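Under my numbering, the first residue of the sequence shown is numbered 2, with each subsequent residue one higher. All remarks here apply to the structure that follows.
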Amino acid sequence: SVLKSTMTKNDCHNADKRQWELSLLKKMMAENISQIPAVAGYYVHYNEDLVHGKEGFWYVKSHDRYIPKAITSATDYKANQTKWNAWYYAPLKAKKGTWVRPYYNANATMNLISYGMPVYIEGEFCAIIGIDLSFETLAHYFNHISVYQSGKALLTDHQFNTLSESVTISSVTEIKGID
Numbered sequence: 002s003v004l005k006s007t008m009t010k011n012d013c014h015n016a017d018k019r020q021w022e023l024s025l026l027k028k029m030m031a032e033n034i035s036q037i038p039a040v041a042g043y044y045v046h047y048n049e050d051l052v053h054g055k056e057g058f059w060y061v062k063s064h065d066r067y068i069p070k071a072i073t074s075a076t077d078y079k080a081n082q083t084k085w086n087a088w089y090y091a092p093l094k095a096k097k098g099t100w101v102r103p104y105y106n107a108n109a110t111m112n113l114i115s116y117g118m119p120v121y122i123e124g125e126f127c128a129i130i131g132i133d134l135s136f137e138t139l140a141h142y143f144n145h146i147s148v149y150q151s152g153k154a155l156l157t158d159h160q161f162n163t164l165s166e167s168v169t170i171s172s173v174t175e176i177k178g179i180d
């Protein structure tokens, strides 16, 4: 990531350097993400313990353009209150890029599936960088997919719970045995 390649551990503690990085990331993400229809938002959220508050950005798609929204403090909720902050704590706990189960985001007023990547610089957690996908847009794609002549397309979580499907199925267990 850009943060890893241009920042040092000391830079994570430097407000001016973080702001410079945020401006660079805003531009890069806006240029690249605007081409992906299912992306409903994108964000960078610095480690609140490190920066002593909330710092970063969050852009949400509205009428085919991305508008800035106020970022939510991840520490306003406990780490186990995943309904509100899984976009932050799930990747942090996994220490790698992580998909979050669909959830309703009241601030974005839509159902989202988030992918977040924690950024560690010299072993210190510095930030989460992520995207939000519109669950409705993904479900729309899956509702119009056919696999061969009679196949089914399913969007499932890691436990094979069906999140969206192209046709009605009688049981998720039908797919558990398929390699």
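For every residue, glycine included, the Cβ atom is placed at its ideal position computed from N, Cα and C. Owing to the predicted nature of the structure, the values given are computational and were not obtained by experimental measurement.
- Query: Going by the CB atoms, is the gap between Phe58 and Lys27 shorter than 7 Å?
  - Reply: The sequence position of residue 27 within the sequence shown is 26, counting from 1. The sequence position of residue 58 within the sequence shown is 57, counting from 1. In contact: Lys27 and Phe58 (Cβ atoms closer than 7 Å).
Exercise for the section: Would you kindly work out how many angstroms separate the C-alpha atoms of Phe143 and Ile68, rounded to a whole number? Expected result: Within the sequence shown, the letter at position 142 stands for residue 143. Within the sequence shown, the letter at position 67 stands for residue 68. Rounded to the nearest angstrom, the two C-alpha atoms are 27 Å apart.
Practice prompt. With distances taken Cα to Cα, identify the nearest neighbour of Ile72 among Leu93, Ala91, Trp21, Gly131.
Written response: In the sequence shown, the residue the question calls residue 72 occupies position 71. Ranking Leu93, Ala91, Trp21, Gly131 by Cα distance to Ile72 puts Gly131 first.
Between the CA atoms of His53 and Glu125 - distance to the nearest angstrom:
Taking the sequence shown and counting its residues from 1, one reaches residue 125 at position 124. Taking the sequence shown and counting its residues from 1, one reaches residue 53 at position 52. One C-alpha to the other measures close to 15 Å.
**Q.** Three-state secondary structure (DSSP) of Thr99
**A.** Here residue 99 refers to the residue found at position 98 when the sequence shown is read from its first residue. DSSP, reduced to helix, strand and coil, places Thr99 within a strand of the structure shown.
| request: Can you give me the Cβ contacts of Ala208 inside the same chain, cut-off strictly under 7 Å, excluding the 5 residues immediately before and after it? | output: Outside the modelled stretch of the chain, which goes from 2 to 180, sits residue 208, for which no answer is possible.
Under the three-state reduction of DSSP, which class applies to Ser24: helix, strand or coil? Counted from its first residue, the sequence shown places residue 24 at position 23. Three-state result, Ser24: helix.
Does DSSP classify Met8 as helix, strand or coil?
As a working note, residue 8 is residue 7 in the sequence shown. Secondary structure at Met8: coil, using DSSP grouped into helix, strand and coil.
| Excluding sequence positions up to five away, which residues of its chain have a Cβ less than 6 Å from the Cβ of Ala87? | In the sequence shown, residue 87 corresponds to position 86, counting from 1. Hits under 6 Å: Val101.
Counting only the same chain and skipping the five closest in sequence on each side, list residues whose C-beta sits under 6 Å from that of Ser115. Reading the sequence shown from its first residue, position 114 is the one you call residue 115. Closer than 6 Å at Cβ, skipping near neighbours: Trp88, Val101, Gly131, Asp133.
task: Quickly, what does DSSP pair Leu51 with across the bridge? List them, please.
output: Here residue 51 refers to the residue found at position 50 of the sequence shown. In the DSSP output, where bridge partners are listed per residue, Leu51 has none listed.
Notebook entry, point to check: Which class does Ile122 belong to by DSSP, given the choice of helix, strand or coil?
Noted result: Position 121 of the sequence shown holds residue 122. Here Ile122 sits in strand by DSSP.
> So the beta strand (DSSP E) Asn106 belongs to, where does it begin and stop?
Replying inline: Reading the sequence shown from its first residue, position 105 is the one you call residue 106. Looking at the DSSP string, the run of the beta strand (DSSP E) that includes Asn106 is 104–106.
Leaving out five residues on either side along the sequence, give the residues of the same chain with a beta carbon under 8 Å from the beta carbon of Lys97. Here residue 97 is taken as the residue at index 96 of the sequence shown, counted from 1. In the same chain as Lys97, and ignoring 5 residues on each side of it, the C-beta atoms closer than 8 Å to its own belong to Met118, Pro119, in chain order.
**Message:** Restricting to Cα atoms, I'd like to know which of Ala128, Ile122, Gln20, His46 is closest to Lys10.
**Reply:** Here the question's residue 10 lines up with position 9 in the sequence shown. Checking every option, the nearest Cα to that of Lys10 belongs to Ile122.
> Helix or strand or just coil, what does DSSP make of His46?
Replying inline: Looking up residue 46 in the sequence shown gives position 45. Of the three classes helix, strand and coil, the one that applies to His46 here is strand, per DSSP.
Return yes when the C-beta of Thr110 is under 6 Å from any heavy atom of the ligand MG, and no when it is not.
Of the ligands one can find in the structure shown there are none, so the ligand MG has no counterpart to examine.
**Report entry** Cβ neighbours of Pro205 in the same chain (closer than 7 Å, five flanking residues each side left out)
**Finding:** Only positions 2 to 180 of the chain appear in this structure, which leaves residue 205 out of reach.
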